[in-house]
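Here the protein sequences come in this chain order: G and E. Take the first sequence: its letters are residues 116 to 325, numbered as in my numbering. Take the second sequence: its letters are residues 116 to 325, numbered as in my numbering. Here a beta-carbon is modelled for each residue, glycine too, at the ideal position from N, C-alpha and C. What you are looking at is a predicted structure, and each value in this text was computed from that prediction instead of being measured.
2 protein chains.
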Amino acid sequence: MCSRTKPRSSRTGRPRSTEADAAILEATRAALVELGWSKLTMGDVAGRAGVAKTTLYRRWANKNELVVDAVAVLFDELELPDLGSLQADIEHVVLQFAALLERPETKTALMAVVAESTRDAPLRERIRASIVDRQKRLVLTGRRRAQERGELPADRDPEAVDATDDLIFDVIAGAVVHRALVSAEPVDENWVARLSALLVGGLGAVAALG
Amino acid sequence: MCSRTKPRSSRTGRPRSTEADAAILEATRAALVELGWSKLTMGDVAGRAGVAKTTLYRRWANKNELVVDAVAVLFDELELPDLGSLQADIEHVVLQFAALLERPETKTALMAVVAESTRDAPLRERIRASIVDRQKRLVLTGRRRAQERGELPADRDPEAVDATDDLIFDVIAGAVVHRALVSAEPVDENWVARLSALLVGGLGAVAALG
DNA sequence: AGCCTTTCGCTACGGGTCGTAGCGTAACTC
DNA sequence: GAGTTACGCTACGACCCGTAGCGAAAGGCT
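The following block contains the structure:
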């Protein structure tokens with residue numbers, strides 16, 4: 116980020132209103148809660164934010180990118196405190212992620228923008244940078260801690276480690292999303308306990324693959 | 116299905132054209148491939164199918180339900196041949212499911228209708244009945260076969276069995292979808308081998324929870 | 001201060017899609 | 001043949017999109 120000669124407001128002229136930025140993103144989340152993704156319109160968001168519609172289009176090219184930015188900040192809440200065991204860490208982060216998916220803003224927006232991203236590479240990259248990578252970092256630190264505790268063996272083949280990290284990430288995030296949005300059933304302690312038991316029990320078998 | 120007094124074409128009057136049904140669903144899939152979910156319009160589908168727009172609205176209330184029906188038939192391809200071991204069965208069905216998700220019709224449509232279903236209970240039920248349950252059945256038969264082979268212990272607590280079936284379903288389907296659509300990386304033999312190893316290795320730990 | 005540049009709110013617009021209504025015609029049942 | 005329903009077609013109001021043009025506001029630069 117900020118890699119190309121820092122064109123921050125291009126140095127001259129009237130600067131972008133940061134209050135407008137915040138108001139627009141806040142209005143977008145409010146509109147997502149009330150209307151949902153499909154009925155959200157740019158004009159409605161502009162009205163809520165007390166801003167002209169043209170001001171939205173100066174900042175975001177379309178509804179998809181606006182919604183990604185509006186929802187991305189919610190994923191800053193995700194943290195991974197050290198609870199002393201791999202299983203406890205997993206259960207904590209899964210419950211956190213599930214709580215995030217229960218919020219109406221994310222519930223209606225996340226799948227929608229992912230669906231759009233299948234035909235829009237820039238959008239896919241934006242989602243990856245502002246949402247997906249932020250979650251994936253949790254997997255890396257969780258594994259590192261488990262290795263420091265001796266719950267997992269130290270790294271041997273770095274490629275295998277990366278592949279396993281990718282797998283665990285897709286399994287955890289995918290399972291929670293599928294449970295919450297497709298099966299539409301609660302992510303409660305019972306379910307989380309089973310999922311974490313599956314992961315902790317299965318990680319040894321995966322590591323044995325080398 | 117057909118539970119309420121079988122109103123099949125209500126007995127009198129001109130019957131619905133089954134050719135039109137097929138043409139519309141086929142046209143919907145073609146439009147999904149060419150245009151994707153967001154740019155697909157009812158008028159365009161009607162034109163492709165050689166049918167008036169009003170004919171579409173007599174059958175489907177909106178774009179969501181039409182697309183669900185158009186995509187649902189693709190999930191009939193999913194089968195679970197007995198390959199002799201739980202791990203082989205898992206790997207086969209995962210590769211099948213991944214191939215289905217690689218098709219542009221399903222890739223663009225599946226996440227979109229799931230996103231819509233978060234605010235549309237009838238749509239959610241339609242997806243469950245015509246797509247989700249069809250996949251879930253594979254998990255049940257896979258488990259049953261593994262038990263018959265002795266790879267998994269016989270049932271004790273039926274509630275625990277149901278909970279584990281639900282978990283396995285969400286983990287497999289969720290992981291594949293997340294890998295294919297969110298991470299946007301290939302579901303290849305390497306990845307599938309790791310996933311199935313994780314599942315087979317972890318199932319014992321889950322069963323121990325009772 | 002004055003000039004330049006950019007953003008702002010506002011209005012208006014053409015283009016497109018939605019979902020429905022109304023019509024005359026076609027197809028099937030009794 | 002009479003009754004009923006589906007069909008194709010056209011037209012329509014309503015809505016949303018994304019942009020253009022305007023004068024005014026808010027900064028930087030000399």
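Can you find the residues in the same chain that come closer than 6 Å, C-beta to C-beta, to E:Ala245, ignoring five residues on each side of it along the sequence? In the second sequence, residue 245 of chain E corresponds to position 130, counting from 1. Note on identity: in this sequence residue 245 of chain E is Ser, with Ala being the wrong assignment. Closer than 6 Å at the Cβ level, and outside the excluded window around E:Ser245, lie Ala187.
Beta-carbon contacts of G:Leu324 that lie in its chain and below 8 Å, excluding the five residues immediately before and after: Here residue 324 of chain G is taken as the residue at index 209 of the first sequence, counted from 1. Hits under 8 Å: Ala275.
To the nearest angstrom, report how far apart E:Glu300 and E:Arg294 are at their CA atoms. Along the second sequence, one-based indexing puts residue 300 of chain E at 185. Along the second sequence, one-based indexing puts residue 294 of chain E at 179. Distance between E:Glu300 and E:Arg294, taken at the CA atoms: about 6 Å.
Expressed to the nearest angstrom, what Euclidean distance is found between the alpha-carbon atoms of G:Lys251 and E:Glu194? Stepping through the first sequence from its first residue, residue 251 of chain G is reached at position 136. Stepping through the second sequence from its first residue, residue 194 of chain E is reached at position 79. Those two C-alpha atoms are separated by around 33 Å.
For G:Val247, return the contacting residues in chain E, with the cut-off set at a CB-CB distance below 8 Å. The sequence position of residue 247 of chain G within the first sequence is 132, counting from 1. Per Cβ cutoff of 8 Å: Val297 and Ser298.
From what residue to what residue does the alpha helix (DSSP H) around E:Phe284 run? Here residue 284 of chain E refers to the residue found at position 169 when the second sequence is read from its first residue. Its alpha helix (DSSP H) spans residues Pro273 to Val292.
Using beta carbons (cut-off 9 Å, strictly below), is G:Arg271 in contact with chain E? By one-based count along the first sequence, residue 271 of chain G stands at place 156. By this cut-off, G:Arg271 is not an interface position.
List the residues of chain G that E:Ser153 touches, going by C-beta distances under 7 Å, in chain order. In the second sequence, the residue the question calls residue 153 of chain E occupies position 38. Those are Glu231, listed as they occur along chain G.
Quick check on the DSSP output: the alpha helix (DSSP H) that includes E:Ser232 runs from which residue to which? Against the second sequence, residue 232 of chain E aligns to sequence position 117. Taken as a continuous stretch (DSSP letters only), the alpha helix (DSSP H) holding E:Ser232 covers Pro219 to Ser232.
Can you name the residues of chain G whose CB is closer than 8 Å to the CB of E:Val160? Locating residue 160 of chain E in the second sequence gives position 45, where the first residue counts as 1. Those do not exist, as E:Val160 stays about 17 Å from chain G at its closest Cβ, beyond 8 Å.
Nearest-angstrom beta carbon gap, G:Leu314 and E:Gly317 [assumed within contact, 8 Å]: The residue you call residue 317 of chain E lines up with position 202 of the second sequence. The residue you call residue 314 of chain G lines up with position 199 of the first sequence. 6 Å between Cβ atoms; contact.
Provide the residue span of the alpha helix (DSSP H) that contains G:Lys154, from first to last. Counting from 1 along the first sequence, the entry for residue 154 of chain G is found at position 39. Neither: G:Lys154 is in no alpha helix (DSSP H) and is coded neither H nor E.
Minimum Cβ-Cβ distance from G:Arg241 to chain E less than 9 Å: In the first sequence, counting from the first residue as 1, residue 241 of chain G sits at position 126. Closer than 9 Å: no.
Could you tell me which chain E residues have their CB closer than 7 Å to the CB of G:His293, listed as they occur along the chain? Looking up residue 293 of chain G in the first sequence gives position 178. In chain order: Asp285, Ala288, Gly289 and Val292.
Neighbourhood of G:Val209 by C-beta, 8 Å cutoff - its chain only, sequence neighbours within 5 removed: For the purposes of this step, residue 209 of chain G is taken as the residue at position 94 of the first sequence. Only Ile287, Val291, Val302, Val307, Leu310 and Ser311 meet the Cβ criterion.
Chain-order list of residues whose beta-carbon lies under 7 Å from that of E:Asp98 (same chain, five-residue window excluded): Nothing can be reported for residue 98 of chain E, as the shown portion of chain E is limited to 116 through 325.
Once the 5 residues before and after G:Thr256 are set aside, which same chain residues still bring their CB inside 6 Å of it? For this step, residue 256 of chain G is matched to residue 141 along the first sequence. If we look at G:Thr256 and ignore the five residues flanking it on each side, its Cβ neighbours are Leu195.
Determine, using beta-carbon pairs with one atom in the stretch 171-183 of chain E and one in the stretch 223-230 of chain E, whether at least three such pairs fall under 8 Å. yes
What is the DSSP secondary structure of G:Pro256, counted as helix, strand or coil? Here residue 256 of chain G refers to the residue found at position 141 when the first sequence is read from its first residue. Note on residue identity: the sequence assigns Thr, not Pro, to residue 256 of chain G. Helix, per DSSP.
Where E:Gly226 meets chain G, residues with beta-carbon distance less than 8 Å: To locate residue 226 of chain E, count along the second sequence from 1; it is residue 111. The amino acid occupying residue 226 of chain E in the given sequence is Met; Gly does not appear at that position. Simply Met226, Ala227, Val229, Ala230 and Thr233.
If contacts are defined as beta-carbon pairs under 8 Å, then E:Ala170 and E:Ala135 qualify, I think. What distance do you get, rounded to the angstrom? Residue mapping note: residue 170 of chain E aligns to position 55 of the second sequence, counting from 1. Residue mapping note: residue 135 of chain E aligns to position 20 of the second sequence, counting from 1. One point to set straight first is that residue 170 of chain E is Thr, not Ala, in the sequence displayed. Approximately 6 Å separates the beta-carbon atoms of E:Thr170 and E:Ala135; this is inside 8 Å, confirming the contact.
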